[in-house]
Structure formats: structure tokens, C-alpha cells
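Below is one structure; the comments refer to it alone.
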Amino acid sequence: MKKRLGCIIALCALSLTTITAGEKENEKPGKGKVILTTFANFHSGFGSTNDDRGFELERAYIGYQYKFKNGLELRSIVDFGQSKDVKDMNRIGFLKNAWVGWKRNGWSLYGGLIATTQFKVQEDFWGKRYVMKSFQDEYKFGSSADAGVSAAYRFNKFLSADAIVVNGEGYKKVQLKDGLQYGAGVTITPLEGFTIRAYGSYNESTDSSLEGIINAASFAGYKNKRFSLAAEYNYMWNSKNIKGNDLSGISAYGSFNAGKRVQLFARWDKLDSKHAWNIEKDGIAVMGGVELKYGAFKIAPNFRFWSPDENQQSNRYELFINASFAL
48 MKKRLGCIIA
58 LCALSLTTIT
68 AGEKENEKPG
78 KGKVILTTFA
88 NFHSGFGSTN
98 DDRGFELERA
108 YIGYQYKFKN
118 GLELRSIVDF
128 GQSKDVKDMN
138 RIGFLKNAWV
148 GWKRNGWSLY
158 GGLIATTQFK
168 VQEDFWGKRY
178 VMKSFQDEYK
188 FGSSADAGVS
198 AAYRFNKFLS
208 ADAIVVNGEG
218 YKKVQLKDGL
228 QYGAGVTITP
238 LEGFTIRAYG
248 SYNESTDSSL
258 EGIINAASFA
268 GYKNKRFSLA
278 AEYNYMWNSK
288 NIKGNDLSGI
298 SAYGSFNAGK
308 RVQLFARWDK
318 LDSKHAWNIE
328 KDGIAVMGGV
338 ELKYGAFKIA
348 PNFRFWSPDE
358 NQQSNRYELF
368 INASFAL
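Written as C-alpha cells, this is what we have:
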């Protein structure tokens with residue numbers, strides 16, 4: 048399986064290179080840019096979580112992207128973040144993106160270590176990745192990047208469709224097993240600012256005694272210059288490749304522009320597991336805050352509330368001050 052996927056990626060890159068071969072030699076050069084993004088926060092708990100406080104450097108993305116005039120794009124990004132295996136402040140670097148892409152005549156083709164399409168629309172609409180990940184990313188329904196190929200086509204201004212084939216292991220565990228993940232989605236924009244999306248994927252099991260993972264997601268959102276409002280419903284069958292370990296969840300979020308540099312935002316999440324197999328993590332999360340923007344810098348003081356389904360756990364109340372700097 049891995050060899051076949053490697054061949055597909057190589058053929059994709061070769062095809063994109065061939066497309067550019069016929070371009071004029073005197074064509075004006077494209078544009079390149081350095082990618083530098085940092086996420087940090089200060090947080091403090093209240094009550095039973097009062098001892099959980101401090102400053103944290105969450106992530107740092109460093110990379111470079113170049114766009115040619117003929118629609119060809121190249122990108123490479125390294126992600127420095129914290130690993131679950133490291134308990135102190137040390138950070139580990141991962142290659143997050145390393146892809147070649149091509150956009151023209153309604154087509155968008157990518158190959159390499161690419162951004163996945165499972166929750167990209169939702170993440171972009173939410174727009175507060177530095178504050179909190181979008182629902183599927185936050186609760187481990189899938190990975191934001193993986194090795195593989197993807198293709199999307201916009202039929203008209205109302206309808207587009209996409210398909211993707213990746214390893215299914217994310218960008219931190221590339222090519223460890225033999226299964227592949229297949230996904231497809233449809234996006235509809237019936238009105239200006241209004242987006243509807245449906246997506247489904249199947250991640251093959253690498254062990255005959257385990258089950259494949261199935262994901263289904265639906266999303267609807269509206270955005271204009273003044274405000275945004277969206278909701279999504281997600282369901283995952285056989286989480287961790289275990290039959291019956293299903294997860295489901297709803298996320299609703301919105302924002303209101305109170306000024307040129309000031310935006311109010313709020314979000315509500317509900318995570319459930321079938322037969323309460325994941326009850327230690329099931330519950331409701333609520334957050335609200337204000338985002339202040341100045342050039343490449345953003346800061347977002349926000350208050351968070353977590354209500355667990357498990358009776359033995361206490362409610363959590365936290366104050367966060369998240370910050371982002373991006374070039």
C-alpha cells in the first residue's frame with residue numbers, strides 16, 4: 048500500500064512538473080514568502096483547578112512557500128510543538144507540510160505531506176486555531192496533515208467537490224503501517240457567505256482483528272462583514288480501530304465584529320461516546336472572549352467552562368489569554 052501511495056505522489060509531482068514545461072521562458076517570476084507563526088498563552092484555573100496556571104508556548108511554524116505564475120505552488124513547513132511523551136517545556140520539531148500543488152481552471156491538485164480536507168473548511172471558518180482547535184482536531188477525529196494526494200474541482204460558484212488518499216496516520220507518524228485513508232467531500236455555497244459541506248472517510252485497519260475507522264461530518268455556516276455563525280455535527284465509528292467505540296459531537300460557534308480591530312467570539316461543544324466508553328472525556332465545553340488585532344499580532348482573552356459527563360469529575364473554570372503572531 049505504501050509503495051503504491053509513493054508512486055501516486057511521484058506521478059503527481061511529475062505531472063505537475065510536465066505542465067510547467069511548456070511555459071514561456073521569459074515569463075515573470077512568481078512570488079515566495081516566509082511562513083512564521085507562533086501560538087502562546089497565559090492560563091489560570093479557578094477553584095479545583097487553581098493550581099493549573101502559567102505561560103505556555105504552544106506551537107511555532109517555520110517554513111517557506113513559493114507560487115509560480117503558471118499555478119504551481121511549493122510549500123515546506125516545520126511544526127515545533129509539545130509531545131505527549133515529553134512532560135517538560137521541551138519542544139519537538141515535525142515536518143508539517145512538504146507538498147507540490149497546482150491550481151488552474153477550477154482544479155486544485157496536491158501531493159506530498161499535505162493538509163487534509165477532513166475539517167479544513169470548518170477550521171478556516173472558525174478562524175481561531177491559536178485559541179482552540181476546531182472540533183474534529185481538538186477531540187482527535189482526524190489529523191490536520193498527512194502524506195498522500197488530493198484533488199478538488201470547482202464546477203461553478205455554487206458547487207465544488209474534493210477527494211483525498213493519505214496514509215491515515217497523521218504527520219507525526221508517517222509510513223509506519225500499511226493501511227490507507229480515503230475521503231471525499233462536497234461543498235455548496237447557495238448564497239454569498241453561506242457554506243454547506245458534507246464529508247466522509249474510511250481509514251483501513253492494519254490488523255485483521257481490528258476495525259476500520261469511518262468518519263462522517265456535516266457543516267453549515269454563514270459569514271458577512273459584521274458577524275459569523277456556524278454549526279457542525281461529527282460522527283466517528285470504531286475509534287482507535289475498536290468496534291463499537293463510536294464518538295459523536297456537535298460544535299456551534301460565532302463571532303461579531305465590534306470594530307475594525309475588535310471581534311467578540313463564542314463557542315459551544317458537546318462530545319459523546321456510545322455506551323459511555325469514553326466518559327472520562329465526554330462533556331460540554333463553553334468558551335467566550337474578545338479578539339484584538341493589530342497587524343500580524345492577535346491577542347484573545349477568553350473564559351472557558353468544562354462540564355464533564357462523569358459525576359466524579361468537577362466542573363472546570365479557566366481564564367486564557369491566547370496570542371498569535373503570523374507572517
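Using our numbering, read the sequence shown as starting at 48 and increasing by one per residue.
Don't be surprised by glycine CBs; every beta carbon is placed ideally from N, CA and C.
Residue i: which of the options sits nearest, CA to CA?
| i | options | result |
| --- | --- | --- |
| residue 160 | 323, 152, 148 | 148 |
| residue 85 | 109, 121, 305, 340 | 109 |
| residue 80 | 144, 173, 112, 99 | 112 |
| residue 274 | 332, 186, 310 | 310 |
| residue 334 | 324, 323, 351, 322 | 351 |
| residue 171 | 127, 287, 276 | 276 |
Roughly how many angstroms lie between the CA atoms of residue i and residue j, to the nearest whole one?
| i | j | result |
| --- | --- | --- |
| residue 315 | residue 196 | 33 Å |
| residue 105 | residue 313 | 21 Å |
| residue 157 | residue 359 | 47 Å |
| residue 125 | residue 268 | 31 Å |
| residue 291 | residue 285 | 5 Å |
| residue 167 | residue 191 | 8 Å |
| residue 399 | residue 336 | Residue numbering for the chain in the displayed model covers 48 to 374; residue 399 lies beyond these limits and cannot be assessed. |
| residue 230 | residue 279 | 18 Å |
| residue 300 | residue 141 | 30 Å |
| residue 361 | residue 177 | 26 Å |
| residue 194 | residue 94 | 43 Å |
| residue 328 | residue 356 | 8 Å |
| residue 345 | residue 254 | 45 Å |
| residue 120 | residue 207 | 21 Å |
| residue 99 | residue 239 | 44 Å |
| residue 293 | residue 353 | 21 Å |
| residue 184 | residue 116 | 33 Å |
| residue 153 | residue 235 | 15 Å |
| residue 3 | residue 308 | The requested residue 3 does not occur in the structure, where the chain is confined to residues 48 to 374. |
| residue 349 | residue 306 | 18 Å |
| residue 146 | residue 162 | 9 Å |
| residue 203 | residue 364 | 46 Å |
| residue 367 | residue 92 | 9 Å |
Could you name the residues of the same chain whose beta carbon sits closer than 6 Å to that of residue i, not counting the 5 residues immediately before and after it, in chain order?
| i | result |
| --- | --- |
| residue 209 | 164, 199, 232 |
| residue 251 | 226, 227, 259 |
| residue 150 | 118 |
| residue 373 | 84, 343 |
| residue 347 | 178, 336, 338, 369 |
| residue 265 | 245, 280 |
| residue 320 | 294, 329 |
| residue 298 | 182, 279, 316 |
| residue 102 | 89 |
| residue 271 | 240 |
| residue 169 | 181, 266, 279 |
| residue 371 | 86, 177, 345 |
| residue 326 | 356, 357 |
| residue 72 | Residue placement at residue 72 is poorly supported in this model, since its pLDDT is 46, which falls under 50; the coordinates still yield a value, given next. Cβ within range, chain order: n/a, list empty. |
DSSP has residue i in a bridge; who is on the other side?
| i | result |
| --- | --- |
| residue 264 | 246, 281 |
| residue 336 | 312, 349 |
| residue 275 | 270, 302 |
| residue 147 | 121, 158 |
| residue 330 | 318, 355 |
| residue 142 | 125 |
| residue 152 | Paired residue(s): none; residue 152 is not in a bridge. |
| residue 323 | None, per the DSSP bridge assignment. |
| residue 373 | 84 |
| residue 177 | Residue 177 pairs with nothing; no bridge assigned. |
| residue 344 | 341, 372 |
Residues in its own chain within less than 8 Å of residue i by CB, not counting five upstream and five downstream?
| i | result |
| --- | --- |
| residue 289 | 257, 258 |
| residue 237 | 205, 243 |
Looking at chain D, is there any beta carbon in it that lies within less than 7 Å of the beta carbon of residue i?
| i | result |
| --- | --- |
| residue 101 | Among the protein chains of the structure shown there is no chain D, as only one such chain exists. |
Looking only at its own chain, which residues have a Cβ that is under 7 Å from the Cβ of residue i, when we skip the five neighbours before and after it?
| i | result |
| --- | --- |
| residue 262 | 165, 188, 189, 247, 248, 283 |
| residue 173 | 181, 300 |
Inset, instruction - Within the stretch 180-259, note down every full alpha helix (DSSP H) run reaching 4 residues or more, in order along the chain. - result: 182-185
Inset, instruction - Only counting runs of 3 or more residues, tell me where the beta strand (DSSP E) segments fall wholly within the stretch 286-320, in order along the chain. - result: 294-304, 309-320
Inset, instruction - List in chain order: all unbroken beta strand (DSSP E) runs of 3+ residues lying wholly within the stretch 76-114. - result: 78-93, 100-114
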